[in-house]
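FYI, the numbering for the sequence shown is 3 to 144, going by our numbering. For glycine and all other residues, C-beta sits at the position ideal for the given N, C-alpha and C. To start, the structure under review is shown below, and the notes come after it.
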Amino acid sequence: MQRGRRIAFDYGDVRIGVAISDMDSILVTPLEPLLAGENLHAALMGLLAEYEPIRIYVGEPKHLSGSESAKMVSVEDFISVIAGITSVKVTLIDERLSTVSAAAKLRASGKDGRSSKALIDSAAAAEILESALHHVRLQGDE
Numbered sequence: 003m004q005r006g007r008r009i010a011f012d013y014g015d016v017r018i019g020v021a022i023s024d025m026d027s028i029l030v031t032p033l034e035p036l037l038a039g040e041n042l043h044a045a046l047m048g049l050l051a052e053y054e055p056i057r058i059y060v061g062e063p064k065h066l067s068g069s070e071s072a073k074m075v076s077v078e079d080f081i082s083v084i085a086g087i088t089s090v091k092v093t094l095i096d097e098r099l100s101t102v103s104a105a106a107k108l109r110a111s112g113k114d115g116r117s118s119k120a121l122i123d124s125a126a127a128a129e130i131l132e133s134a135l136h137h138v139r140l141q142g143d144e
């Protein structure tokens, strides 16, 4: 696996969860979520400049059946914004159950529903990034 940071986003209409890996892609850390809206472009530019990721992953919204969710249109618009900022390759990662898994982990760590609401988006992004890294380690392709 190539050395360098990887970043993942869990797109939401209000908040966008963000998680980053370390240079060796061993540790995944949730970051403060971004707010969707008019300052998103600038926030993304700052984030990508600060962490200089070598790969970007975005959660692909699918129904449990595997069919594409209506939210995919918004996610594609979000990916277009990213593509306008950087030439780093963006890969979609199936995000089914990432939020459920993230919420379960937060509950297990002692966070209640009210306090974890602010953390859930980036915790879901961390789930997406961990899933992507696991796939890369198993398949060897990136």
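Give me the Cα-Cα distance between PHE11 and ASP24, rounded to the nearest whole angstrom.
16 Å
Measuring straight from C-alpha to C-alpha, what distance separates GLY20 and ASP96?
The identity of residue 20 in the sequence shown is Val, whereas the question assumes Gly. Straight-line Cα distance between these residues: approximately 16 Å.
Which of helix, strand or coil DSSP assigns to TYR53:
helix
Whole-Å CB distance - GLU70 paired with LEU94, under 8 Å assumed
Wrong, their Cβ atoms sit about 10 Å apart, outside the cutoff.
Limits of the unbroken beta strand (DSSP E) element including ALA38
ALA38 -> no beta strand (DSSP E), and no H or E assigned at all.
Taking the C-alpha atoms as reference points, what is the distance between GLU54 and GLY48?
10 Å
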